[in-house]
Each structure stands twice: as structure tokens, then as C-alpha cells.
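S.K.: Here it is, the structure in full.
Number of protein chains: 2
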Amino acid sequence: MITVEKVTIATVAERAGVSRQTVSNVINTPEVVRAETRERVRAAITSLGYRVNQAARQMRTGRSRLIAVRIESGSDGINGSVLDRFLHGLTDAATLAGYRVMLYTAADDADEIATYDDLLTAHDLDGFVLTSTHHGDPRTSWLAARDVPFVTFGRPWGAPDTHSWVDVDNDAGTLAATKHLLKAGHRRIGFLGWPRGSGVGDARRTGWAAAMTAAGLDVTGLSVAVIDGVDSGAEAAGRFPDDLTAVVCASDSLALGALRALPGRAVIGFDDTAVAHAIGLTSVSQPLAEAAARCMHLLTELLDGRAPATSTQLLLPPSLVVRQTA
Amino acid sequence: MITVEKVTIATVAERAGVSRQTVSNVINTPEVVRAETRERVRAAITSLGYRVNQAARQMRTGRSRLIAVRIESGSDGINGSVLDRFLHGLTDAATLAGYRVMLYTAADDADEIATYDDLLTAHDLDGFVLTSTHHGDPRTSWLAARDVPFVTFGRPWGAPDTHSWVDVDNDAGTLAATKHLLKAGHRRIGFLGWPRGSGVGDARRTGWAAAMTAAGLDVTGLSVAVIDGVDSGAEAAGRFPDDLTAVVCASDSLALGALRALPGRAVIGFDDTAVAHAIGLTSVSQPLAEAAARCMHLLTELLDGRAPATSTQLLLPPSLVVRQTA
């Protein structure tokens, strides 16, 4: 026999030892609550299984309280886990805010735009969280032209900053990684990245180059580009000069390849995947749960008509998780 | 320049000189639209040859073409990726079948049941795919008592087989792993698993024990149980007898721990995670995309009234992915 007890905002407040107003603030305007209190309230919400009553809210607001996000078709192993972690964070944040998340897949931008139309018609969605923004992305202007509320995880590469977005400061990640290696005495530090043209990949290269240049070091011949993968990374790492002592990589997959091809050299990955944790790879970690919570918060501001007149852009700092490889 | 050739609700809205919402109303709740507007929208629908899609289907069939699945709160690294891969497969299969997937989180069974109630009320869901079935699971009987269509990924441990389910044959996975080690000449093969009481964990232990017994080998003192994790696995692996030469593990996390604690010994993991691929760990692979597609197929059979009179149970065979560690 299962008894479903009614957990109310008062129950949460009592458990967390705060006022009901504070609980409400954590749900609706988390930025006004101190981080420590926020965590305590969120822990109470999770442990009590508190859910904002959806049906009641929909009646009050005339909204479906349903948002949509794309999930990649299939799953590509090491790197796919980044968007999966963002999805977990987004679902948690949406649940806290009383929203549900609907998934869709799309083969390309045109297919995704056709899907928006279908979803808006069939399911009366409130808004979208877009991921994997890129140069020449047509999705944001389509949604903006139709006044559909949306937020992107990823800045509008090359397009005007007319919508709200959250991104992680990729340059800062590789800059910190490179500085860490410089501090350890390395001078011949390479960058193993992706072919030019990807906003994220180019930003990660820029951070490394900036740290090297600031240290007065020559980067000629120290940047190698390859399609992401462990095997491709190992192959490409063989192209570095022999006197190289350390490598900053654009992904953990490439870092694994570099470790295999260049034993004994210091290696730093990017994304702090489960693989990095498992094998002791030093890696740059993206604050994905935080990014997801911020996206959800910006979207609910838009939906509640509480958004500031101008769009909001948030660039979150990554952190370096130091383990054994550097 | 993106051209979406499909005639959409937006095209109809533009032609009729009304908002998208009005078109949607004409399709779903025509009684709220003025007669003159209704006629103009219907004329636009006819002249454009607009194929009323999901919304109209829902009106006709009384179904939302929406199914729900739980996503775990947070993400626990190595092993969490198994359910993420199932989710990717389920979304792909649902899209092919013309369904969308809605996500929810739940702290425990009672919270999940309360969520069912909320979802069924607020979003008119067609059915559920349940994951992580376990002994004493109250969720299936709750749904069955209310005639809500559902399929489980995971057999009904201990409960009657009254609903359709898909599972992976865990016993067969560790049996194959153990036979692989026996064939390579190992005789002192341990099992590193989870504490008794978990259906999946016990089944994985059973497969190992069956292979050992069939080979006429004594298993006394060769089974060690611990809470899942790399560090806990390493600690527990120290409890094996010194003459042990190989270990079959209930997860890749435990296998990583065993590799660290018992260098030089043969180790086989379970779940074939990205970590296994990255470090060359031999591991048992679950056919997750296949399992997801089968779940979706069984659910659509139920929803379309095409299901056989008795429920269907599918036990899919895992496969052993042989790499460097065994």
C-alpha cells in the first residue's frame, strides 16, 4: 500500500528551516537567494519529492507548462554525455519550476524548424531550449519571427545577440588549463583540437593561444586539428614536434588519444566526462547543471513576463579538475 | 536560406489573416471561434491542402500521441549512461512511430505514482514506459488498476507477469563472460557484484555461478559484494583470495576498481560504457536501442488495440565485447 502524502510548500519550508517565501523564491527567482540556502531548499524539495501542482498552475496561467528540447539521435559515447548531463539538469530545473520537458529529434536545422511548427500546433508548448547553436543557425530567427519564447544554451555564433542565452566560457577553460601547465614548468605546450569553423572548437583554441602568447611563447606548429575521436586523436598527436611536453585538448576523447600516442607527456582534456574521472584525466569541467538551471530561469522569466526589456546573456566560467595526467 | 516546404499551421494562419492560436482553436475547439472566422480558416485549410496533423489526429483518436518516461535526477557518471542510451533509443523509436516523449523525475516509487496522476490529469498522456523495475515495485499495479497502458523495461521481479515487458538476459551476460574466461584457461574466477536483493545484481551473480558450477569448479569465497563505485570496487577486490586470476563484475565501475586493485588479473565489466571503450575493458553489452524499440512497439500495439490477448515478455540476449582486459 502506497500512501501519497500531500507535500506542500510549507512542508518544504519546515524541512529546510526557512520561510515559505524563501521556498517560493528558490523556485521562481533563485538568484535572490543565498547559494547555501538555495542548496538546502533544493535538497529538501528533492528528498520530499515536492512537485508544483501543474494542473492548478495551467488553469491559473492558461499555459501548458511544457517546454521542448532536442535530444540527439543515437548516442555517441564519450562526448554525447555532455548534452545528456545538460538534459538531466534541465529536467530537474524544469520540475522545480513546475514545468515538464518534451523531447524531439531532428535530422538538421530545416527538420528542426518543421518540428517546432508541429509541436506548437499539437502540444501547445510554452517555449523551447535550443542546444548546439552554430554559425548560420536559422532556428533562432524562425522562433523570434513567430514570437515563440526560447533560450539557447550556446551563444548565437555570428548572429546578433537579440535573444537570451547561456553559454560556458570555452576560452577561459583552455586558458586555465594552459596556465596550469605553464605553472608546472611546461613551455612546449600543444593544442589538439577540431578543424576550424566550429565556434566552440575555435574558442577552445583561442584560450590556449592567448595563454601561450601572454607567456611570451611561440605557438608555431603547436596546434593540430582533427575530427573528434580517440583513434583520430592518437593519430593526430603524432604530428606534434618531438620536444612537446604537454597537450591541451578540445575534448576528453582527443585527450585519451593523446595519452595513448604520447606516453609520459602531460595531457588535459575538456568536459570532465565519466571517462576522465575513471582514468584520472585532468579535464576542464562545464557547469552543466548550473547552465541548465539558468536557461530554465531565463525561459520562465520570459514566460511570466518578468524578463528585462533587453535580452540576457550569461557566460559561465568552467573549472579545471586536476587529476593525475597534468 | 532555409525553405520549409511543408504547409504548416503558420501558413494557414497567414492565408486566413488570423493568429496560429485561432487556427489551432478551429481544429481543436471550433465552438470558441466565431462562425465567420471559422469558415475563413477552413477555406484556407482546404485551399492550401493543409494536412491537419497531430492535433487533428488527437481529436479523431482521442489520443495525445504522447508517452512519458522517467529520467534520473542528476547523473551518476559511468552507469547512468545506460538509461541515457535507453532514452535516446526510446525517443528515436517514438519519433518513428509518430509519438513524442515527455520526461519526468521522481524521488521514489510513491512520488512517481503521484506524478503519474499529475501527468495523466494535466497532459492526457497515452501511456508510460517504466524503467528500473525492482522487487516490491508498486508502480505497475497502480497503472494496471487504472487501465493505463504501459510497458516496462525490466521484468516484474517477484510480481506476476501480467503486463508486457522487455528485459536483457543478465544471467546470460555473466555466463558468457565466465565461459570466455574458462576457455582462456582461468579456473579461479571471482564475481564482484552488488549486495543481494537487487534483481539485476542477483541475476548477474547467478550467471557467473552457473558457469563455474557447470565447469565443476568450487565458488566458495569467490563472490564479493559491495555498493557500486570505482573506489568501493577497488577496496572490495582486495578481499578476493590471492590465487584468483580473473574477475567478472556487475558493472564497469566495479571493473575499473578491480583493475586498479588487481593489476595483471583478467577483468570483465558489464554495460559496455564509454569508459570500457576508452580503456579497452572487455564488457557485456546490453542491446539498449533494440530494447527501447521493442518497448515502443509493445506500447503502440497496446494503444492501437492490436496487442495479443496475453501480455508479451521479451528477454533480449546481451553480447560480450572482447577488448584488452580479458
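Which chain is which? The protein sequence lines are H and W, in order. In this text, residue positions in the first sequence follow numbering that gives the first Met the number 0: the first is 0, and each later residue adds one. In this text, residue positions in the second sequence follow numbering that gives the first Met the number 0: the first is 0, and each later residue adds one. Heads up, the beta-carbon is just placed ideally off N, CA and C, and yes, glycines get one too.
1) How would you list, in chain order, the residues of chain H whose beta-carbon sits under 8 Å from the beta-carbon of T36/W?
2) Taking any Cβ of chain H, which residues in the region 271-284 of chain W have a Cβ under 9 Å from it, in chain order?
3) Determine the burial state of H122/W: buried for a count of at least 16 other Cβ atoms within 10 Å of its Cβ, exposed for fewer.
4) Judging by CA-CA distance, which residue of P286/W, G237/W, T299/W, L180/W is the nearest neighbour of V247/W?
5) Counting contacts by CB-CB distance shorter than 9 Å, is R64/W in contact with chain H?
6) From the beta carbon of H296/H, is the nearest beta carbon of chain W less than 9 Å away?
7) If contact means a Cβ-Cβ distance below 8 Å, which residues of the region 115-140 of chain H contact chain W?
8) When you compare only the Cα positions, how much space is there between A106/H and V81/H?
9) Rank L298/H, G304/H, W156/H by C-alpha distance to the C-alpha of V100/H and give the top, closest one.
10) When you compare the CB of I70/H with every CB in chain W, is at least one pair closer than 9 Å?
11) Could you tell me if D146/W is buried or exposed, where buried requires 16 or more neighbouring beta carbons within 10 angstroms of its beta carbon?
12) Identify which residue in G215/H, W164/H, T281/H, A175/H has its Cα closest to the Cα of S310/H.
13) Pick from R14/H, L319/H, V11/H: whose alpha carbon is nearest that of D170/H?
14) Locate the beta strand (DSSP E) running through G79/W, then write down its first and last residues.
15) With H, G and I counted as helix, E and B as strand and the rest as coil, what does DSSP make of L102/H?
16) Mind checking A275/H: buried by the 16 CB within 10 Å criterion, or exposed?
17) Using the three-state DSSP reduction, which class does L280/W fall into: helix, strand or coil?
18) Are the CB atoms of L86/W and L102/H nearer to each other than 9 Å?
19) Can you name, in chain order, every residue of its own chain whose Cβ lies under 8 Å from the Cβ of T212/H, other than the five neighbours on each side?
20) Determine, for T161/W, whether the minimum Cβ-Cβ distance to residues of chain H falls below 9 Å.
21) List, in order along the chain, the chain H residues whose C-beta lies closer than 8 Å to that of T151/W?
22) Return the chain-ordered list of same chain residues with a C-beta closer than 7 Å to the C-beta of S250/H, the five sequence neighbours on each side being excluded.
23) Could you tell me whether any Cβ in chain W is nearer than 9 Å to the Cβ of R99/H?
24) Counting only Cβ pairs nearer than 9 Å, list the residues of chain C close to S46/H.
25) Taking the alpha-carbon positions, what's the D241/H to L255/H distance?
26) So which residues on chain H does D227/W lean against when the C-beta distance must stay under 7 Å?
27) Can you grab the Cα-Cα spacing for the pair I112/W / A210/H, in whole Å?
28) Between the C-alpha atoms of F127/W and P155/W, what's the straight-line distance to the nearest angstrom?
29) For a cutoff of 9 Å on Cβ pairs, would you count S318/H as touching chain W?
30) Strictly below 9 Å CB to CB, what residues from chain W border R41/H?
31) Taking CB distances under 9 Å as the criterion, tell me whether H87/H reaches chain W.
32) Starting from the C-beta of L142/H, find all residues in its chain whose C-beta is less than 7 Å away, skip the five residues before and the five after it, and write them out in chain order.
33) Are any of the Cβ atoms in chain H nearer than 9 Å to that of I8/W?
34) So which residues on chain W does S231/H lean against when the C-beta distance must stay under 7 Å?
35) S163/W lies in the beta strand (DSSP E); which residues open and close that run?
36) Rounded to whole angstroms, how far is the Cβ of V321/H from the Cβ of T281/H, which I believe are closer than 8 Å?
M.R.: The relevant details are as follows:
1) Counted from its first residue, the second sequence places residue 36/W at position 37. In chain order: nothing, as chain H lies at least about 17 Å away.
2) From the region 271-284 of chain W, only T272, A273, V274, H276, A277, I278 have a Cβ closer than 9 Å to chain H.
3) Looking up residue 122/W in the second sequence gives position 123. H122/W should be labelled buried.
4) One-based indexing of the second sequence puts residue 247/W at position 248. L180/W is the residue among P286/W, G237/W, T299/W, L180/W whose C-alpha sits nearest the C-alpha of V247/W.
5) Taking the first residue of the second sequence as 1, we reach residue 64/W at position 65. Under the 9 Å criterion on CB atoms, R64/W is classed as interfacial with respect to chain H.
6) As a first step, residue 296/H is located in the first sequence; it is residue number 297 there, counting from the start. Using beta-carbon distances, H296/H does not count as an interface residue toward chain W, since no partner is under 9 Å.
7) So the close ones are D116, D117, L118, L119, T120, A121, H122, D123, P137.
8) Walking along the first sequence from the start, residue 106/H turns up at place 107. Walking along the first sequence from the start, residue 81/H turns up at place 82. Separation of A106/H and V81/H (C-alpha to C-alpha, rounded to the nearest whole angstrom) is 19 Å.
9) If you number the first sequence from 1, residue 100/H lands on position 101. Taking the Cα of V100/H as reference, the smallest distance to any Cα among L298/H, G304/H, W156/H is reached at L298/H.
10) For this step, residue 70/H is matched to residue 71 along the first sequence. True, the Cβ-Cβ gap to chain W drops below 9 Å.
11) Counting from one through the second sequence, the residue named residue 146/W turns up at place 147. Around the beta carbon of D146/W, a 10 Å sphere encloses fewer than 16 other beta carbons of the protein chains shown; the residue is thus reported as exposed.
12) What you label residue 310/H is simply residue 311 of the first sequence in a count that begins at 1. Ranking the options by Cα distance to S310/H, first place goes to W164/H.
13) Mapped onto the first sequence, residue 170/H falls at position 171. Of the listed residues, the one whose Cα sits closest to D170/H is L319/H.
14) What you label residue 79/W is simply residue 80 of the second sequence in a count that begins at 1. It is not in any beta strand (DSSP E) - G79/W instead sits in the alpha helix (DSSP H) that spans 79-95.
15) By 1-based counting over the first sequence, the position of residue 102/H is 103. Strand at L102/H.
16) Numbered from its first residue, the first sequence carries residue 275/H at position 276. Answer is buried; the Cβ neighbour count reaches 16.
17) Taking the second sequence and counting its residues from 1, one reaches residue 280/W at position 281. In this structure, L280/W counts as coil in the three-state DSSP scheme.
18) Start at 1 with the first residue of the second sequence, and residue 86/W comes out as number 87. Start at 1 with the first residue of the first sequence, and residue 102/H comes out as number 103. Contact annotation: L86/W and L102/H have beta-carbon atoms nearer than 9 Å.
19) Counting from 1 along the first sequence, the entry for residue 212/H is found at position 213. Taking C-beta separations shorter than 8 Å and ignoring five residues to either side along the sequence, the partners of T212/H in its chain run V218, following chain order.
20) Position 162 of the second sequence, counting from 1, holds the residue named residue 161/W. Contacts with chain H at 9 Å (Cβ-Cβ) do not include T161/W.
21) As a first step, residue 151/W must be located in the second sequence, where it is residue number 152. Those do not exist, as T151/W stays about 17 Å from chain H at its closest Cβ, beyond 8 Å.
22) Within the first sequence, the letter at position 251 stands for residue 250/H. Excluding positions up to five away in sequence, the list reads N78, D227, G268, F269, D270.
23) The count along the first sequence starts at 1 and reaches residue 99/H at position 100. Taking 9 Å as the threshold, the shortest C-beta distance from R99/H to chain W falls below it.
24) In the displayed structure, chain C is absent; the protein chains listed are H and W.
25) Counting from one through the first sequence, the residue named residue 241/H turns up at place 242. Counting from one through the first sequence, the residue named residue 255/H turns up at place 256. Between the C-alpha atoms of D241/H and L255/H there is a straight-line separation of about 19 Å.
26) Residue 227/W sits at position 228 when you count from the first residue of the second sequence. Per Cβ cutoff of 7 Å: no residues; D227/W is ~13 Å from chain H at best.
27) Within the second sequence, the letter at position 113 stands for residue 112/W. Within the first sequence, the letter at position 211 stands for residue 210/H. Take the alpha-carbon of I112/W and the one of A210/H: they are about 53 Å apart.
28) Working through the second sequence from its first residue, we reach residue 127/W at position 128. Working through the second sequence from its first residue, we reach residue 155/W at position 156. Each residue's Cα considered, the two are about 15 Å apart.
29) Here residue 318/H is taken as the residue at index 319 of the first sequence, counted from 1. At a cut-off of 9 Å between beta-carbon atoms, S318/H makes no contact with chain W.
30) Counting from 1 along the first sequence, the entry for residue 41/H is found at position 42. Per Cβ cutoff of 9 Å: no residues; R41/H is ~11 Å from chain W at best.
31) Walking along the first sequence from the start, residue 87/H turns up at place 88. Yes, because at least one Cβ of chain W sits closer than 9 Å to the Cβ of H87/H.
32) Stepping through the first sequence from its first residue, residue 142/H is reached at position 143. Shown here for L142/H: same chain residues with a beta carbon closer than 7 Å to its own, the five before and five after excluded, namely Y115, F127, F149 in chain order.
33) Counting from 1 along the second sequence, the entry for residue 8/W is found at position 9. With a threshold of 9 Å between beta carbons, I8/W makes contact with chain H.
34) For the purposes of this step, residue 231/H is identified with residue 232 of the first sequence, where counting begins at 1. Per Cβ cutoff of 7 Å: no residues; S231/H is ~14 Å from chain W at best.
35) Locating residue 163/W in the second sequence gives position 164, where the first residue counts as 1. In this chain, S163/W is not harboured by any beta strand (DSSP E), its DSSP state being neither H nor E.
36) Here residue 321/H corresponds to residue number 322 of the first sequence, with the count starting at 1. Here residue 281/H corresponds to residue number 282 of the first sequence, with the count starting at 1. Going by Cβ atoms, the distance from V321/H to T281/H rounds to 5 Å, so yes, they are a contact pair.
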